[in-house]
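In the working numbering, the protein residues as written are 100 to 191. These notes are about the structure you will find just below.
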């Protein structure tokens, strides 16, 4: 089953910025987004410790933080795409 990806404004800006800065990293993130879209329940995707409602996945040097929609409309919300150095800081 394929899910629909939705981006927060911040995540969309981050993805565009990364893709313009480094096309290779942009392609890696794009492939990982497709994997998330196909199977968001993959056990490789780690729950974020502070929130428990978000999951995090590695995409090269970047981390993609996403949330499955609570209702049954098959949507995945991409919350954040950050470099690994800054992705482990506590976000509010």
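We treat Cβ as the ideally placed atom computed from N, Cα and C, and that holds for glycine. Values in this document were obtained by computation on a predicted structure and should not be read as measured data.
Would you grab the beta carbon distance between residue 128 and residue 114 for me? Rounded to a whole angstrom, and I think it's under 8 Å.
What you label residue 128 is simply residue 29 of the chain shown in a count that begins at 1. What you label residue 114 is simply residue 15 of the chain shown in a count that begins at 1. Rounded, the Cβ-Cβ distance is 7 Å, consistent with contact.
Candidates 132, 169, 166, of which the one nearest residue 158 by Cα
Counted from its first residue, the chain shown places residue 158 at position 59. Answer by Cα proximity: 132.
Nearest to residue 163 by CA position, among 124, 120, 171, is which residue?
For the purposes of this step, residue 163 is identified with residue 64 of the chain shown, where counting begins at 1. The shortest C-alpha separation from residue 163 is found at 124.
Are residue 161 and residue 117 touching if we call contact CB-CB under 8 Å?
Translated into positions along the chain shown, residue 161 becomes position 62. Translated into positions along the chain shown, residue 117 becomes position 18. Against a cut-off of 8 Å, the Cβ pair of residue 117 and residue 161 comes out as a contact.
In terms of DSSP beta bridges, what is residue 158 paired with?
In the chain shown, counting from the first residue as 1, residue 158 sits at position 59. Answer is 161, bridged to residue 158.
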